[in-house]
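Q: This is the structure I want to talk about, given as C-alpha cells.
There are 2 protein chains.
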Amino acid sequence: MLEFAILGLLHEAPMHGYELRKRLSDLLGTLRAFSYGSLYPTLRRLLKAGLIVEETPEEASARNDARTWGKRAKRVYELTAEGKERFADMLADVGPQAFDDEGFGVHMAFFSRTPADIRMRILEGRRRRVEERREGLRSSVARAGEQIDRYTRELHRLGLEHSEREVRWLNELIATEQREQKERQDGVEP
Amino acid sequence: MLEFAILGLLHEAPMHGYELRKRLSDLLGTLRAFSYGSLYPTLRRLLKAGLIVEETPEEASARNDARTWGKRAKRVYELTAEGKERFADMLADVGPQAFDDEGFGVHMAFFSRTPADIRMRILEGRRRRVEERREGLRSSVARAGEQIDRYTRELHRLGLEHSEREVRWLNELIATEQREQKERQDGVEP
DNA sequence: ACTCCACTATATCGCGCCGATACATCAGTG
DNA sequence: CACTGATGTATCGGCGCGATATAGTGGAGT
Numbered sequence: 001m002l003e004f005a006i007l008g009l010l011h012e013a014p015m016h017g018y019e020l021r022k023r024l025s026d027l028l029g030t031l032r033a034f035s036y037g038s039l040y041p042t043l044r045r046l047l048k049a050g051l052i053v054e055e056t057p058e059e060a061s062a063r064n065d066a067r068t069w070g071k072r073a074k075r076v077y078e079l080t081a082e083g084k085e086r087f088a089d090m091l092a093d094v095g096p097q098a099f100d101d102e103g104f105g106v107h108m109a110f111f112s113r114t115p116a117d118i119r120m121r122i123l124e125g126r127r128r129r130v131e132e133r134r135e136g137l138r139s140s141v142a143r144a145g146e147q148i149d150r151y152t153r154e155l156h157r158l159g160l161e162h163s164e165r166e167v168r169w170l171n172e173l174i175a176t177e178q179r180e181q182k183e184r185q186d187g188v189e190p
Numbered sequence: 191m192l193e194f195a196i197l198g199l200l201h202e203a204p205m206h207g208y209e210l211r212k213r214l215s216d217l218l219g220t221l222r223a224f225s226y227g228s229l230y231p232t233l234r235r236l237l238k239a240g241l242i243v244e245e246t247p248e249e250a251s252a253r254n255d256a257r258t259w260g261k262r263a264k265r266v267y268e269l270t271a272e273g274k275e276r277f278a279d280m281l282a283d284v285g286p287q288a289f290d291d292e293g294f295g296v297h298m299a300f301f302s303r304t305p306a307d308i309r310m311r312i313l314e315g316r317r318r319r320v321e322e323r324r325e326g327l328r329s330s331v332a333r334a335g336e337q338i339d340r341y342t343r344e345l346h347r348l349g350l351e352h353s354e355r356e357v358r359w360l361n362e363l364i365a366t367e368q369r370e371q372k373e374r375q376d377g378v379e380p
C-alpha cells in the first residue's frame, strides 16, 4: 500500500521522504500516517527495484533547491518509466485489498488518475464489503437476547451507524459517477 | 493488543485457538479479525511466558470434551495466576494505544472487567483523540480554495461525519458512566 | 547576541500482525 | 460414497509501527 502511495505521489513531482510523508497524511486525513519506520525502507526497496531514482546533485542545483545542506542530505526521488508502468498496473489490478478500510482509502486518494471503469469497480466492491459488515452488525445489535455484553453492543451500534453512513455515501458517489459517464457519452455521440 | 485480548477472553473459560478467534471476531464485529498467522504464534509466546498453560489430557477427559481427535490436536489453553495478574496490569496501564481505533475497540470489549475510573480515562482520552481528528478534517473540508482534489475531499467528508458521530456517541457513554457513578455514591453514602 | 524550541530531514531495529498456504478431521448432504 | 463446509493447528515471508538516534534550520523570546 505504501509502495502504491509513493508511486502515486511522485507523479505530481519529485519529492524527498519527509515531504512524501506530509503529503500522505494530508491525503489520508490522519486515517493513515505511514511512519518513517516504513517509509524510508520502502523508498530503498523502490530504489533497488528501479522504480524510482535519486535525483542527481546537478539536477538539484538546477532548481534553486541547491541546499546541499551541510554535507549530506535531502535525497530527492523521482519516478522512472518502470515506476510509472508499475503504478498503472497497480491501478488496474483491483483485488480484495482495494475494498478494505485502508486499501480503499489509498485507492480513492488517487482516483483522479484512475480510469472511470476501474473507479466504478472499486466503489462497488467497497459497497458490497461495507454492506456485508453492516448486515453482520445489524444482526448482532438486533440479537434480542440480552446475552451480549452491554459495551460490546454499544461498540457494534457505532460500527453499524458508520457502515450505514458509508453505504449512503458510496451510493451518492456511484450515482455521480454514473451521471458523469452518461454525460460523457451524450456529449460525444449525439 | 492480541495478547491483551487473549488474556481477557480466557477469563471467561479455557479455550482453544479456533474458538478464541471466533469469539474475537464476534466481540470486535469484524472491525478486527486477528488472523491465525498472528494468533498461534502469540499463543506460543504466552505459553512460553507462563501466562497461559495447555490443559492436560486428563482435564480434557474430565469434561466430556474427551475428543482426542485422531492422534494430535485441540490444544486448550487456560490462564495462570501470572496471566490474570498481567491482564489486570494491562487494564490499569492506559497508554496512548488505548485511544486509537483498534486499541480503543479492544479495551472497550473488556469494559465489564475494567474499573470505573479506568473506563472514564479511556473514554475521555478517546474523545480527545477523535476531537483532534475531527478538527483536522473540519479545516481540511472547509478549506475553501478548490485546490483540494475532489475525491480526497469526499474522503475527508466521510471521515468528518464519522468523527462527529463518534464524539456524540462518546458523550452519551460518558454521561451514562457519570450518572451511574453518582447513583453508586448516593446509594452507598446516605 | 544567546538560548531554546519546533520543524525539517534521514535512518535503523525489533517485533506485531497479515495473507497465503498446507494439512487433517468431522458432520451433513446429495 | 463422494463432496462440501466447518473445525482445527501451524508456518513463512514481508509490511508497517513505535521507539530511538542524529543533526541542521529558522524564529521567538529575553
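Chains as they are written, first to last, in our numbering: chain A, 1 to 190; chain B, 191 to 380. Backbone N, C-alpha and C fix where the C-beta goes; we use that ideal spot for every residue, glycine too.
Would you tell me roughly how many angstroms separate the C-alpha atoms of Gln337 of chain B and Arg211 of chain B, rounded to the nearest one?
A: Distance between the alpha carbons of Gln337 of chain B and Arg211 of chain B is about 45 Å.
Q: Thinking just about the alpha-carbon of each residue, which of A:Trp169, A:His156, A:Met108 is nearest to the one in Gly29 of chain A?
A: Its Cα nearest to that of Gly29 of chain A, the residue A:Met108 stands out among A:Trp169, A:His156, A:Met108.
Q: Taking 8 Å as the CB-CB limit, is Tyr226 of chain B close to chain A?
A: no
Q: Listing by chain order, which chain A residues have their CB less than 7 Å from the CB of Asp290 of chain B?
A: Going along chain A, no residue has its Cβ under 7 Å from Asp290 of chain B, so there is no contact; the nearest lies around 11 Å.
Q: Exposed or buried, Thr329 of chain B, counting other C-beta atoms within 10 Å across all chains shown (16 or more means buried)?
A: It should be noted that the sequence gives Ser, not Thr, for residue 329 of chain B. The residue in question, Ser329 of chain B, is exposed, as its Cβ has fewer than 16 Cβ neighbours within 10 Å.
Q: When burial is assigned at 16 or more other CB atoms within 10 Å of the CB, is Ser38 of chain A buried or exposed?
A: exposed
Q: Could you check which residue in A:Tyr151, A:Ser112, A:Arg184 has the C-alpha nearest to that of Asp216 of chain B?
A: For the residues A:Tyr151, A:Ser112, A:Arg184, the minimum Cα distance to Asp216 of chain B belongs to A:Tyr151.
Q: List the residues of chain A that Met298 of chain B touches, going by C-beta distances under 9 Å, in chain order.
A: Ordered by position in chain A, the residues that pass the 9 Å Cβ test against Met298 of chain B are Tyr151, Thr152, Glu154, Leu155.
Q: Give me the Cα-Cα distance between Leu160 of chain A and Glu131 of chain A, rounded to the nearest whole angstrom.
A: Going from the Cα of Leu160 of chain A to the Cα of Glu131 of chain A covers about 10 Å.
Q: Can the beta-carbon of Ile122 of chain A be found closer than 8 Å to that of Thr80 of chain A?
A: no
Q: Using a Cβ-Cβ distance cut-off of 8 Å, determine whether Glu161 of chain A contacts chain B.
A: yes
Q: Mind checking which residues open and close the alpha helix (DSSP H) that includes Ile242 of chain B?
A: Taken as a continuous stretch (DSSP letters only), Ile242 of chain B belongs to no alpha helix (DSSP H), being part of the beta strand (DSSP E) at 242 to 244.
Q: Would you mind reading off the limits of the beta strand (DSSP E) that contains Leu200 of chain B?
A: First-last for Leu200 of chain B: undefined, no H or E at that position.
Q: With 16 other CB atoms within 10 Å as the buried threshold, where does Glu166 of chain A fall?
A: buried
Q: Using alpha carbons as the reference points, say which of B:Arg276, B:Gly315, B:Pro231 lies closest to Gly295 of chain B.
A: Per the Cα distances, B:Gly315.
Q: So that I know if they touch, is there some Cβ in chain A lying closer than 8 Å to that of Gly315 of chain B?
A: no
Q: What are the uninterrupted segments assigned as beta strand (DSSP E) that are 3 or more residues long and contained completely in the segment 79 to 166 of chain A, given in chain order?
A: Within the segment 79 to 166 of chain A, no complete beta strand (DSSP E) run reaches 3 residues.
Q: Anyone know if the C-beta pair for Leu46 of chain A and Ile6 of chain A falls short of 8 Å?
A: yes
Q: Buried or exposed: where does Tyr208 of chain B fall if 16 or more other Cβ atoms within 10 Å of its Cβ makes it buried?
A: So Tyr208 of chain B ends up on the exposed side.
Q: Is Glu102 of chain A near the ligand GDP, with its Cβ less than 7 Å from a heavy atom?
A: Summarising the ligand content, the structure contains no ligands, and the ligand GDP is consequently not present.
Q: To the nearest angstrom, how far is the alpha carbon of Asn171 of chain A from that of Arg113 of chain A?
A: If I take the Cα positions, the gap works out to 21 Å.
Q: Taking the alpha-carbon positions, what's the Tyr40 of chain A to Glu154 of chain A distance?
A: 40 Å
Q: With 8 Å as the threshold, decide whether the Cβ of Glu193 of chain B is near any Cβ in chain A.
A: no
Q: With burial defined as no fewer than 16 other Cβ atoms inside 10 Å of the residue's Cβ, what is the status of Glu202 of chain B: buried or exposed?
A: exposed
Q: From what residue to what residue does the alpha helix (DSSP H) around Arg44 of chain A run?
A: 36 to 48
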